[in-house]
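S.K.:
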């Protein structure tokens, strides 16, 4: 992880501090105007009723109307500022969070944590416009209200200070008793949601093998644990919230009694007796709101921490020098790779070179490191040591958005994306009908696509919709070869293909090779090896043989590989 002195999330929040500053000013205006009903009541009791002046009552009422109408406008302005601040923050951070989440998933293999990043951003944005942040803005005004109470009578002020201290202690106690439980409940809930989402993606397997009851039982344990922790924390919080509210009401009532005592002794007026109780309510209201919103504060703290951590992952810097279009010369130099989430290397000093237009076949037993090598060449898995160079430049020096169109990749597990077939083939770039059709014809699926009800505009999902496994693989191949990339890596590209599909695959790769593309094929099947120039054999993360195709095959003993017979090279 990159250690940056600056926290991107904090820096972004600082950039909108003007919004919060003006929101705080509007909060100050609102709180000042909240004194107007109290002063109105005080004047009515002490001036209007005693003097019997109808004109004074009318003027005071009109003034109150104007002030409270203004307070509505101030509250609307504050809300609008807070909304503008959180919308701007989300828009500015969305791409950064998305890129950092993808990078985190690649480097650590922690897809669940990365998947929560965008949810954390949205939830933190919602917190900014909620009662929690408003109570923070209102809390300093408790001091002003208590100061006014001192002006009425010192006993009022001292009583208010004692009540405020007790309310703050209740808030601290709430945090102590609930923070750990809420954090644990949130963690368990995220684990349960992640498990449930994973099960949905594998619903076909679960249903086909009658695993639903077992899977649901496992999920129920996770959800029950989360619910139990949430219930325990919520019960503790609700107790303190009830105590806090009850105490606030009792404090106001006791203050009213104190005011009555002082009024009977002619130390304050009857109006001050009522006004003091109302002022105490206003002073304690923000603290009471903070206690009630404590779960939101705990959640927001966790969201802020997780976002801050994930935003520390290095992402591509803007303004990187644009390198020229690659020709396809590839060099792998003493490559050592440790997979995300593992402590042992899957590749141990791999080295080889390919010139532009050459085709390489990678063979070897299962768990030899073939797929890991494919991922590392593409830069999906970072090198712990060694380099992968494309046209002499470290693969990581390229801007991925610039390099992407020149790379083609077909993984073992084909993942299509929600959208049309045309969108998937074109990699969701601007549609170029000629290039889309050219790629589909090269992959041998043009006629198949035309037979679909909506043709190239047929909507598919991540599972491929109505497409068979072989059709998905061929759509994935069309996506990999779209716009004739210069480096194409195919991992078991014929695993789901029938005989015709294999012939189409060989024809496509032959055409790409003739156009100058460098091709790397990971395979267990011999038919595709007829077009490769070189072979690289792996075992245990090491290269056991590398050279021209015929030379390597000649060296392979019958029991060291499944490759025993090779079709003649076309």
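Numbering (this note's numbering), first residue to last: 32 to 601. Ideal placement from N, C-alpha and C gives every residue a C-beta, glycine not left out.
In three-state terms, what does DSSP make of residue 531?
M.R.: For the purposes of this step, residue 531 is identified with residue 500 of the chain shown, where counting begins at 1. Here residue 531 sits in helix by DSSP.
S.K.: Tell me the start and end of each unbroken alpha helix (DSSP H) in the stretch 455 to 509 that is at least 4 residues and wholly inside, in chain order.
M.R.: 464 to 473 and 477 to 481, all fully within the stretch 455 to 509.
S.K.: Name, in chain order, the residues that DSSP records as bridge partners for residue 577.
M.R.: The residue you call residue 577 lines up with position 546 of the chain shown. Bridge partners of residue 577: 567.
S.K.: Give every residue of the same chain whose Cβ lies closer than 6 angstroms to the Cβ of residue 539, excluding the five residues on either side of it in the sequence, and list them in chain order.
M.R.: As a working note, residue 539 is residue 508 in the chain shown. Excluding sequence neighbours, residue 539 sits near 473 and 474.
S.K.: Residue 382 by DSSP, collapsed to three states: which one?
M.R.: In the chain shown, the residue the question calls residue 382 occupies position 351. In this structure, residue 382 counts as strand in the three-state DSSP scheme.
S.K.: Jot down the residue ranges of each uninterrupted alpha helix (DSSP H) in the stretch 403 to 455, minimum 4 residues, whole runs only, in chain order.
M.R.: Within the stretch 403 to 455, the complete alpha helix (DSSP H) runs of at least 4 residues are 431 to 434.
S.K.: Does the beta-carbon of residue 549 have 16 or more other beta-carbons within 10 angstroms, so that it is buried, or is it exposed?
M.R.: Working through the chain shown from its first residue, we reach residue 549 at position 518. Residue 549 should be labelled buried.
S.K.: Tell me, to the nearest whole angstrom, how far the beta carbon of residue 405 is from that of residue 553; I am working on the premise that it is less than 8 angstroms.
M.R.: Taking the first residue of the chain shown as position 1, residue 405 is located at position 374. Taking the first residue of the chain shown as position 1, residue 553 is located at position 522. Yes, residue 405 and residue 553 are in contact; Cβ-Cβ is about 6 angstroms, under 8 angstroms.
S.K.: May I ask you to report which of helix, strand or coil DSSP gives residue 514?
M.R.: The count along the chain shown starts at 1 and reaches residue 514 at position 483. Three-state DSSP puts residue 514 in coil, outside helix and strand.
S.K.: Smallest Cα separation from residue 55: which of 167, 392 and 70?
M.R.: In the chain shown, residue 55 corresponds to position 24, counting from 1. Among 167, 392 and 70, the Cα nearest to that of residue 55 belongs to 167.
S.K.: Does the pairing of the stretch 520 to 531 with the stretch 395 to 411 give three or more beta-carbon distances under 8 angstroms?
M.R.: Yes: the two stretches touch, three or more of their Cβ pairs being nearer than 8 angstroms.
S.K.: Please classify residue 116: is it buried, with 16 or more other beta-carbons within 10 angstroms of its beta-carbon, or exposed?
M.R.: Your numbering for residue 116 matches position 85 in the chain shown. Buried is the call here.
S.K.: Are residue 387 and residue 441 close, meaning C-beta to C-beta below 8 angstroms?
M.R.: To locate residue 387, count along the chain shown from 1; it is residue 356. To locate residue 441, count along the chain shown from 1; it is residue 410. Taking 8 angstroms as the Cβ cut-off, residue 387 and residue 441 do not qualify as a contacting pair.
S.K.: Tell me, to the nearest whole angstrom, how far the beta carbon of residue 191 is from that of residue 309; I am working on the premise that it is less than 8 angstroms.
M.R.: Position 160 of the chain shown, counted from the start, is the residue given in the question as residue 191. Position 278 of the chain shown, counted from the start, is the residue given in the question as residue 309. That pair is no contact at about 12 angstroms.
S.K.: Short check: CB of residue 2 to CB of residue 476, under 8 angstroms?
M.R.: Any property of residue 2 remains undetermined from this structure, which presents the chain solely from 32 to 601.
S.K.: State the CB to CB distance for the pair residue 163 and residue 327, rounded to an integer number of angstroms; the pair is presumed to be in contact (CB under 8 angstroms).
M.R.: Here the question's residue 163 lines up with position 132 in the chain shown. Here the question's residue 327 lines up with position 296 in the chain shown. Right, the Cβ-Cβ distance comes to about 5 angstroms (below 8 angstroms), so this counts as a contact.
S.K.: Just checking, does the stretch 287 to 298 make contact with the stretch 48 to 65 on the three C-beta pairs under 8 angstroms criterion?
M.R.: Verdict: no, contact absent.
S.K.: Is DSSP giving residue 288 helix, strand or coil here?
M.R.: As a first step, residue 288 must be located in the chain shown, where it is residue number 257. If DSSP states are grouped into helix, strand and coil, residue 288 belongs with the helices.
S.K.: In the DSSP assignment, find the unbroken alpha helix (DSSP H) run with residue 394 in it and report its ends.
M.R.: In the chain shown, the residue the question calls residue 394 occupies position 363. Not the alpha helix (DSSP H): residue 394 falls in the beta strand (DSSP E), residues 390 to 394.
S.K.: Let me know the secondary structure DSSP gives residue 300 once reduced to three states.
M.R.: Position 269 of the chain shown, counted from the first residue, corresponds to residue 300. It is coil, neither helix nor strand.
S.K.: Three or more C-beta pairs closer than 8 angstroms, one from the stretch 150 to 158 and one from the stretch 71 to 88: is that the case here?
M.R.: At 8 angstroms Cβ cutoff, the stretches do not touch.
S.K.: Counting only the same chain and skipping the five closest in sequence on each side, list residues whose C-beta sits under 7 angstroms from that of residue 101.
M.R.: If you number the chain shown from 1, residue 101 lands on position 70. Within the same chain, residue 101 has close Cβ partners 64.
S.K.: Can you find at least 3 beta carbon pairs, one from the stretch 247 to 267 and one from the stretch 204 to 223, that sit closer than 8 angstroms?
M.R.: Touching, yes, given that three or more Cβ pairs across the two stretches are closer than 8 angstroms.
S.K.: For residue 565, count neighbouring Cβ atoms within 10 angstroms of its own Cβ and tell me buried if that reaches 16, exposed if not.
M.R.: Indexing the chain shown from 1 puts residue 565 at position 534. Label assigned to residue 565: buried.
S.K.: Can you list, in chain order, the residues of its chain with a C-beta nearer than 7 angstroms to that of residue 69? Leave out the 5 residues immediately preceding and following it.
M.R.: One-based indexing of the chain shown puts residue 69 at position 38. Same-chain partners within the cutoff: 306, 309 and 310.
S.K.: Can you name, in chain order, every residue of its own chain whose Cβ lies under 6 angstroms from the Cβ of residue 439, other than the five neighbours on each side?
M.R.: By one-based count along the chain shown, residue 439 stands at place 408. Excluding positions up to five away in sequence, the list reads 511, 512, 516 and 519.
S.K.: Using a 10 Å radius around the Cβ and a threshold of 16 neighbouring Cβ atoms, would you call residue 150 buried or exposed?
M.R.: Translated into positions along the chain shown, residue 150 becomes position 119. Residue 150 is exposed by the Cβ-count criterion.
S.K.: Grouping DSSP H, G and I as helix and E and B as strand, with all else coil, what is residue 520?
M.R.: Here residue 520 is taken as the residue at index 489 of the chain shown, counted from 1. In this structure, residue 520 counts as strand in the three-state DSSP scheme.
S.K.: Based on Cα-Cα distance, which residue from 222, 487 and 447 lies nearest to residue 466?
M.R.: Mapped onto the chain shown, residue 466 falls at position 435. When each option's Cα is compared against that of residue 466, the closest is 487.
S.K.: What does DSSP give as the partner residues of residue 550 in its beta bridges?
M.R.: Position 519 of the chain shown holds residue 550. Per DSSP, 390 and 519.
S.K.: Measure the alpha-carbon distance for residue 58 versus residue 319 and round it to whole angstroms.
M.R.: By 1-based counting over the chain shown, the position of residue 58 is 27. By 1-based counting over the chain shown, the position of residue 319 is 288. Rounded to whole angstroms, residue 58 to residue 319 spans 17 angstroms at the Cα level.
S.K.: In this structure, does DSSP put residue 224 in helix, strand or coil?
M.R.: Residue 224 sits at position 193 when you count from the first residue of the chain shown. Of the three classes helix, strand and coil, the one that applies to residue 224 here is helix, per DSSP.
S.K.: Please report the straight-line C-alpha distance between residue 348 and residue 358, rounded to a whole angstrom.
M.R.: Locating residue 348 in the chain shown gives position 317, counting from the first residue. Locating residue 358 in the chain shown gives position 327, counting from the first residue. In this predicted model, residue 348 has a pLDDT of only 48, less than 50, meaning its place in the structure is not dependable; the value taken from the coordinates is given anyway. About 24 angstroms.
S.K.: Pick helix, strand or coil for residue 211, following the three-state DSSP scheme.
M.R.: Residue 211 sits at position 180 when you count from the first residue of the chain shown. Residue 211 falls in the helix class under three-state DSSP.
S.K.: Excluding the 5 residues preceding and the 5 following residue 330 in the sequence, name in chain order all residues of the same chain whose CB lies nearer than 8 angstroms to its CB.
M.R.: One-based indexing of the chain shown puts residue 330 at position 299. Only 154, 158, 213 and 217 meet the Cβ criterion.
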